[in-house]
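S.K.: One structure is given below, represented as structure tokens, and several questions about it will come after.
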Amino acid sequence: MSAPICVVHAATMENLPRFLGFIDDVCADLDADSHTKYALRLAVEEICINLIDYGYRGRPPGPIELIAQDHDDRVTLVIRDRSPPFDPTFSPAPDLTSDAEHRMPGGLGWYLVKQLFDEIRYAADTPAGNVLTIVKRKAK
Amino acid sequence: MEIELRSADGITIVGIRGNVDGLTADELMRTFSERVSEGSVRLVADCASLDYTSSAGLRSLLGAVKLARQHGGDLRLAAIQQQVLRVLDLSGFTSILKTYPDVQSAVGSFVEQA
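Line by line, the protein sequences are chains A and B.
Going left to right, the first sequence walks through residues 74 to 213 as our numbering numbers them.
Going left to right, the second sequence walks through residues 16 to 129 as our numbering numbers them.
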């Protein structure tokens, strides 16, 4: 198991490249399969954009802290924020079946995160803020 | 993300390279919109070098296919990498977008239709 690596920036679109650069660097050093690396980048992007667009909407952008840790058989990603709580495990299901003309693209981000990760835990309003923990088991 | 445009048999081929994400998806949508407004409504996205898409990229593809079909054309996807195909599958996009193993067969599907 490696030591956790973390980064914290304000929740703004200007900082999105920094969050993505962080996870790209983590993935470059990660002893994991390409599915796991893809899932990690997607999760960082979807979760950061949700916090930027919705979590802190109408208020000054607070922090997003990312903490990644490589274990032998899995990778954990912890996302901490100080926005009003939103438990993604209760996010609405997206439209997956309408024809193209009627298809609405909302909700796909959280849906993909839930599909691509093995475990998702959320704790609201802890002393460290809202804490989302997602776990991806590495392919054998 | 880098976009390269070319054409074959009257079909516009949009080569997408790299990552389509929240930073680049709008540019991809703009590229498709511009082609349609120029009258190029039969579009093939060459995904051979597309390494990554998030939900932002899926929104662009959905917007583009709706737009192309509204104008009597279509957007078809070719040579999709395994990881990207998985995201398209999970999102139910392979049921609304036609996919082909390579650009040649995607272009050919339009030609056969004509």
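Backbone N, C-alpha and C fix where the C-beta goes; we use that ideal spot for every residue, glycine too.
From what residue to what residue does the beta strand (DSSP E) around Arg-91 (chain B) run?
M.R.: First-last of the beta strand (DSSP E) with Arg-91 (chain B): 89–93.
S.K.: At which residues does the alpha helix (DSSP H) containing Ser-75 (chain B) begin and terminate?
M.R.: Residues 70–85.
S.K.: How would you call Leu-40 (chain B), buried or exposed, if buried means at least 16 neighbouring beta carbons within 10 angstroms?
M.R.: Reading the sequence as shown, one finds Ala at residue 40 (chain B) and not Leu. So Ala-40 (chain B) ends up on the buried side.
S.K.: Which runs of the beta strand (DSSP E) spanning at least 3 residues fall entirely within the region 44–73 of chain B, listed in chain order?
M.R.: Complete beta strand (DSSP E) runs here, min 3: 57–68.
S.K.: Could you round the C-beta distance between Ala-83 (chain B) and Val-56 (chain B) to whole angstroms and report it? I think they count as a contact, below 8 angstroms.
M.R.: So it is a contact: roughly 5 angstroms between Cβ atoms.
S.K.: Would you say Thr-170 (chain A) lies against chain B (beta-carbon separation less than 8 angstroms)?
M.R.: So, interface residue.
S.K.: Going along the chain, which residues of its own chain have a beta-carbon closer than 8 angstroms to the beta-carbon of Arg-91 (chain B), five neighbours each way excluded?
M.R.: Leu-58, Val-59, Ala-60, Leu-112, Lys-113, Thr-114, Tyr-115, Ala-121, Ser-124, Phe-125, listed in sequence order.
S.K.: Who are the neighbours of Arg-176 (chain A) on chain B, taking C-beta pairs under 7 angstroms?
M.R.: Within chain B, the residues near Arg-176 (chain A) are Leu-77, Ile-111.
S.K.: Which class does Gly-33 (chain B) belong to by DSSP, given the choice of helix, strand or coil?
M.R.: It is a strand residue.
S.K.: Name the residue from A:Glu-174, A:His-144, A:Pro-161 whose alpha carbon lies nearest to the alpha carbon of Tyr-195 (chain A).
M.R.: The candidate whose alpha carbon is nearest that of Tyr-195 (chain A) is A:Pro-161.
S.K.: To which residues does DSSP link Glu-192 (chain A) through a beta bridge?
M.R.: For Glu-192 (chain A), which the question treats as bridged, DSSP gives the partners A:Val-208.
S.K.: Could you check the C-alpha separation between Tyr-111 (chain A) and Ser-22 (chain B) for me, to the nearest Å?
M.R.: Rounded to the nearest angstrom, the two C-alpha atoms are 31 angstroms apart.
S.K.: Interface residues of chain A around Val-102 (chain B) at Cβ under 7 angstroms?
M.R.: Within 7 angstroms Cβ-Cβ: Leu-185.
S.K.: Could you check what DSSP says for Gln-96 (chain B) in three-state terms: helix, strand or coil?
M.R.: Gln-96 (chain B): coil per DSSP, three-state reduction.
S.K.: Under 8 angstroms between C-beta atoms, does Leu-181 (chain A) make it to chain B?
M.R.: For Leu-181 (chain A), the answer is yes, since a Cβ of chain B falls inside 8 angstroms of its Cβ.
S.K.: Should the region 99–109 of chain A be regarded as contacting the region 28–48 of chain B, the criterion being three or more beta carbon pairs within less than 8 angstroms?
M.R.: Short answer: they don't touch.
S.K.: Check whether the Cβ atoms of Tyr-127 (chain A) and Gly-135 (chain A) sit closer than 8 angstroms, and answer yes or no.
M.R.: No; because the gap between Cβ atoms is not below 8 angstroms, this pair is not in contact.
S.K.: Compute the distance between the beta-carbons of Lys-187 (chain A) and Val-148 (chain A), then report whether it is under 8 angstroms.
M.R.: Contact: no.
S.K.: Using a Cβ cut-off of 7 angstroms, pull out every chain A residue sitting near Gly-107 (chain B), in sequence order please.
M.R.: Under the 7 angstroms cutoff, chain A gives Leu-169, Thr-170.
S.K.: Compare the C-beta of Val-56 (chain B) with all C-beta atoms of chain A and state if any pair is closer than 8 angstroms.
M.R.: So no, Val-56 (chain B) is outside the interface.
S.K.: Using beta carbons (cut-off 8 angstroms, strictly below), is Arg-114 (chain A) in contact with chain B?
M.R.: Answer yes: the Cβ-Cβ gap between Arg-114 (chain A) and chain B drops below 8 angstroms somewhere.
S.K.: According to DSSP, simplified to helix, strand and coil, what is Ile-28 (chain B)?
M.R.: Looking at Ile-28 (chain B) - three-state DSSP - the assignment turns out to be strand.
S.K.: Tell me which residue opens and which closes the beta strand (DSSP E) that Asp-154 (chain A) is part of.
M.R.: Where Asp-154 (chain A) is concerned, the enclosing beta strand (DSSP E) stretches over 147–154.
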